[in-house]
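Counting from 6, one number per residue, gives the positions in the sequence shown under this note's numbering.
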Amino acid sequence: MFDISPTEWTAVLLSLKVGVVATLVATPIAVTLAWALARYEFWGKSLIDAAVHLPLVLPPVVTGYLLLLTFGRRGLVGGWLADHLGIVFAFRWTGAALACGVMSFPLLVRPIRLSIEAIDRRLEQAASTLGASPWQVFATVTLPLALPGILAGMVLGFAKAIGEFGATITFVSNIPGETQTISSAIYSLIQTPDGDAAALRLVVVSIVMSMAALVASEVFARRATRRIHGS
Numbered sequence: 006m007f008d009i010s011p012t013e014w015t016a017v018l019l020s021l022k023v024g025v026v027a028t029l030v031a032t033p034i035a036v037t038l039a040w041a042l043a044r045y046e047f048w049g050k051s052l053i054d055a056a057v058h059l060p061l062v063l064p065p066v067v068t069g070y071l072l073l074l075t076f077g078r079r080g081l082v083g084g085w086l087a088d089h090l091g092i093v094f095a096f097r098w099t100g101a102a103l104a105c106g107v108m109s110f111p112l113l114v115r116p117i118r119l120s121i122e123a124i125d126r127r128l129e130q131a132a133s134t135l136g137a138s139p140w141q142v143f144a145t146v147t148l149p150l151a152l153p154g155i156l157a158g159m160v161l162g163f164a165k166a167i168g169e170f171g172a173t174i175t176f177v178s179n180i181p182g183e184t185q186t187i188s189s190a191i192y193s194l195i196q197t198p199d200g201d202a203a204a205l206r207l208v209v210v211s212i213v214m215s216m217a218a219l220v221a222s223e224v225f226a227r228r229a230t231r232r233i234h235g236s
């Protein structure tokens, strides 16, 4: 029952790899965007905010198809990347990371933005009064105080990334050893005779991974809060 096969381990490890890469690449973009949305008023802000959260309400298959049209070998961006830089996303694990990053992006931005909005602006203004530039204020005041929200967003984004299915299978298909994540492996197993036991094993593994991510999020957020506030 609990004898995980090499093929299953490959799917688990690929899910972890995709989740880590998607989270690490998306986090700096999410922090910058959350900071801009939390601290500045500009034309089109509502439109950008809606676009950020669009993957939450769109069917994942739609998001995956849009990624295929954009980053596929014949896509608007993917064709240029493939011809000029040799970068290919479609039907590669990097494409799975891209799809997971897009799907998890709203879960990254939202807690980071709320964390930044909760920071007392008088602290930032005091740093500016002492001669700090806007980027220095961001790096030395805003970013450390927003750390709990950043950690929470990263773990939520990672948990979403390792469990993403619809956008991933639409954009990069379900290729064992290349794009078959734990979700698509479970889907394949329940479609085959005598695959129930293997599917159940991967379900248990996915539950353990998700629970571990959520527990780690809570632990890291509490430690960061104690470090910042000294309580």
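Each residue gets a CB set at the ideal place from its N, CA and C atoms; glycine is no exception.
Keep in mind the model is a prediction, meaning the values are calculated, not measured.
Who are the near neighbours of residue i in its chain, counting only those whose CB is closer than 6 Å to its CB and skipping five residues on each side?
i: Pro65; result: Gly171, Ala172
i: Glu169; result: Cys105, Met108
i: Gly200; result: Leu194
On the criterion of 16 or more Cβ atoms from any shown chain inside 10 Å, does residue i qualify as buried, or is it exposed?
i: Thr145; result: exposed
i: Phe76; result: buried
i: Pro60; result: buried
i: Ile212; result: exposed
i: Trp98; result: buried
i: Phe110; result: buried
i: Val17; result: buried
i: Pro198; result: exposed
i: Ile117; result: buried
i: Met216; result: exposed
i: Leu90; result: exposed
i: Ala27; result: buried
i: Ala56; result: exposed
Apart from the five residues on each side of it in sequence, which residues of its chain come closer than 7 Å, Cβ to Cβ, to residue i?
i: Arg78; result: Gly84, Ala87, Val93, Ala95
i: Leu119; result: Gly154
i: Glu122; result: Ala43
i: Ser20; result: Ile167, Thr186, Ile187
i: Glu13; result: Ala190, Ala203, Arg206, Leu207
If distances are taken between C-alpha atoms only, which option among the options comes closest to residue i?
i: Ala35; options: Val82, Leu81, Leu112, Asp8; result: Leu112
i: Met108; options: Lys165, Leu42, Gly100, Met216; result: Lys165
i: Trp40; options: Glu223, Pro149, Leu161, Thr68; result: Pro149
i: Leu128; options: Ile117, Gln141, Pro116; result: Gln141
i: Ile174; options: Gly100, Ser215, Pro198; result: Gly100
i: Ala157; options: Ser178, Phe225, Leu90, Ala217; result: Phe225
i: Val160; options: Ile124, Met214, Leu63; result: Met214
Just curious, the alpha helix (DSSP H) that residue i is in, first and last residue?
i: Ser178; result: Where Ser178 is concerned, there is no enclosing alpha helix (DSSP H), given that its DSSP letter is neither H nor E.
i: Ala158; result: According to the sequence shown, residue 158 is Gly rather than Ala. It spans 152-168 - the alpha helix (DSSP H) in which Gly158 sits, taken as one unbroken run.
i: Ile34; result: 11-44
i: Val146; result: Run containing Val146: none; DSSP gives neither H nor E here.
Which same chain residues end up closer than 8 Å to residue i when comparing Cβ atoms and leaving out the 5 residues on each side of it in sequence?
i: Val30; result: Ala102, Gly106
i: Pro139; result: Ser133
i: Ala54; result: In the sequence as presented, Ala is not what sits at residue 54; that position holds Asp. Hits under 8 Å: Leu42.
i: Arg126; result: none
(message) So within the segment 180-226, which uninterrupted beta strand (DSSP E) runs reach at least 3 residues, ignoring any that extend past its ends?
(response) Fully enclosed beta strand (DSSP E) runs of 3 or longer: not present.
(request) Please specify which runs of the alpha helix (DSSP H), each continuous and at least 4 residues long, are wholly inside the segment 60-127, giving them in chain order. (result) Entirely contained in the segment 60-127, the alpha helix (DSSP H) runs reaching 4 residues are, in chain order, 65-76, 98-122.
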